[in-house]
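Peer 1:
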Amino acid sequence: MAGAAASSEGLQAFPVLQGATHNTYQPLAWQALTELRDAVRKYGLGSAEVMQVLCYFNASLLTPFDIRSLAWALFPPVEYDFFEHKWTQLAVRVVEWNRTLGQGDPRHMVNTNMLLGTGNCTRAEGQAGFEPLVQEQCQQTGMAALVQTLHLATPQQPFATIVQGVDEPFLCFAGWLTAAVEKQVSDRAARKLMLQSLARSNCNAVCKRIIEVLPGEPSMSDMAGACAKFGKRNAQREGETCADTNVSASAPTNGDVLSRLAASTRGSAGVDVCTAESVVIDSDKIHKVPLDAFGPLGDGMSAFLMGRSSASIQGIMVHLGLIDADFLAQIHAMVSTPTSPLTIPEGTQIVQIVPFKSSVSRTEEQLRGDSGFGSTGLPQGHWTAVLTKDCPETLCTVSMVDAMPLEIHLRGLLDTGADVSILSLAA
């Protein structure tokens, strides 16, 4: 019999029974799952008590079916969606690693369906018949996803507390929600999935009705656009300002950056911003420094991000940045120094935000959202190489879309003193 586990309170889990010739499957006792859920309610997801109960379960041989049962008992819908995403992500990595194993290793042919208990591998009895090494890998992958989701589910600021107010613009609500999730979820795909789910569940009643009629799985941009259009129609119909689209300068929207930050003097063109955490700049390269400010700025304002003169005197060079009116995430400054290493403590005022009203007349429908540093555009890759003082020549292939020919081959001189090498078409 494989690893039996029992607590002083009688909790037991014996899902897979190993025999001399074959394994048999015994489902997790409903009482055990109930006790796990009770522990979550009493002590919280990230508590030591819940982790101890999971250790008892992990001492047994668990199938993917059992892992999924544990997840259903542990997590509410939003966290469960993240668990499934994380589990799938880990399974893909494990399959890639398995391909490097020898042909004689039973894990070499393991696929994601086997690791996740999906597709043609949904039957728990079939999962119990996997090779021992495969069973162990299935359990390790699933438990890793469970533990990582547990760590995520004990955030500094619970996601459930970020709820859109009755008169709060959806864009502002989305900004605070994005900032909270971005701090704790580094994976971009998982962050997108969680934001969409939380936005639908935590928005106010008006926006919820609007979002419910949107086709398919609307993105954050789709939700924000639909709520804004509804607010604009209401404003035109009723002849009054709607909080979702138009806010007067004398009454800034709740939570807007510019309404919370104060200028240092009466005639200041910008407002000072502090660093959100201590940063060590250990080279002359440009570093992204997180600031204690989140978009949107409010009132439809855009802004330049500029360094303070006092910072420049100290050798802290803040490179000019631009904050769009529809940016919804944490604001970062691009900082470098000629005198590394340099430590910038948390709460240091090295940057100022200089707001302005954009006069761009034609724009695309896409919202910037949490995409920063040009990530809303098409991906670009530039070839780089370390050059010597000899300025060598190299043969380059230049590809041109919708051109004839599609490619040309050039030989050019690479200059160590230039940021860009110019290649002559006659070369």
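Note that the UniProt record's numbering numbers the sequence shown so that position 109 is 109, with each residue one more than the last. All C-beta atoms in this analysis are idealised placements derived from N, C-alpha and C, irrespective of residue type, glycine included.
Closest to Glu84 by CA distance: which of Leu116, Leu61, Trp97 is it?
Peer 2: Considering only alpha carbons, the answer is Leu116.
Peer 1: Thinking just about the alpha-carbon of each residue, which of Leu195, Leu152, Leu291, Glu131 is nearest to the one in Phe173?
Peer 2: Looking at the Cα atoms, Leu195 is the closest of the given residues.
Peer 1: So, helix, strand or coil for Ser399, using DSSP?
Peer 2: DSSP places Ser399 in strand when its eight states are reduced to three.
Peer 1: Over the uninterrupted alpha helix (DSSP H) stretch that includes Ile67, give me the two end residues.
Peer 2: Unbroken alpha helix (DSSP H) run through Ile67: 64 to 74.
Peer 1: May I ask you to verify whether the segment 53 to 73 touches the segment 120 to 139, counting CB pairs closer than 8 Å and requiring at least 3?
Peer 2: Yes, since at least three Cβ pairs between the segment 53 to 73 and the segment 120 to 139 fall closer than 8 Å, the two stretches touch.
Peer 1: Flag this pair as yes or no: are the beta carbons of Ser197 and Pro77 separated by less than 9 Å?
Peer 2: Yes, these two residues count as a Cβ contact at 9 Å.
Peer 1: Which stretch, first to last residue, makes up the alpha helix (DSSP H) that contains Cys55?
Peer 2: Where Cys55 is concerned, the enclosing alpha helix (DSSP H) stretches over 48 to 58.
Peer 1: What do you reckon, are the CB atoms on Glu182 and Ala276 nearer than 9 Å?
Peer 2: Their beta carbons are not under 9 Å apart, which means Glu182 does not touch Ala276 by this criterion.
Peer 1: Rounded to whole angstroms, how far is the Cβ of Trp87 from the Cβ of Gly142, which I believe are closer than 8 Å?
Peer 2: Trp87 to Gly142, Cβ: 6 Å. Contact.
Peer 1: Determine the contact status of Phe304 and Phe356, defining contact as a CB-CB distance below 9 Å.
Peer 2: For Phe304 and Phe356, yes; Cβs fall inside 9 Å.
Peer 1: Since I believe Ile323 is in contact with Ile313 (beta carbons under 8 Å), could you give me their beta-carbon distance rounded to a whole number of angstroms?
Peer 2: Between Ile323 and Ile313 the Cβ distance is about 24 Å, and since that is not below 8 Å, they are no contact.
Peer 1: Go ahead and pull the three-state DSSP assignment for Gln140.
Peer 2: Gln140: helix per DSSP, three-state reduction.
Peer 1: Taking 9 Å as the cut-off, decide whether the C-beta atoms of Glu79 and Thr178 are in contact.
Peer 2: In this structure, Thr178 does not lie closer than 9 Å to Glu79 by Cβ.
Peer 1: According to DSSP, simplified to helix, strand and coil, what is Ile211?
Peer 2: In this structure, Ile211 counts as helix in the three-state DSSP scheme.
Peer 1: So what does DSSP say about Thr275, is it helix, strand or coil?
Peer 2: Thr275 falls in the strand class under three-state DSSP.
Peer 1: Starting from the C-beta of Leu101, find all residues in its chain whose C-beta is less than 7 Å away, skip the five residues before and the five after it, and write them out in chain order.
Peer 2: Result list for Leu101: Arg107, His108, in chain order.
Peer 1: May I ask you to list the residues that DSSP assigns as paired with Val147?
Peer 2: Looking at the DSSP assignment, Val147 forms no beta bridge with any residue, so it has no partner.
Peer 1: Buried or exposed for Cys55, going by 16 or more other Cβ atoms inside 10 Å?
Peer 2: Counting Cβ neighbours within 10 Å, Cys55 comes out exposed, since fewer than 16 surround it.
Peer 1: With Ser302 as the anchor, note down where its beta strand (DSSP E) starts and where it stops.
Peer 2: Per DSSP, Ser302 belongs to the beta strand (DSSP E) from 302 to 307.
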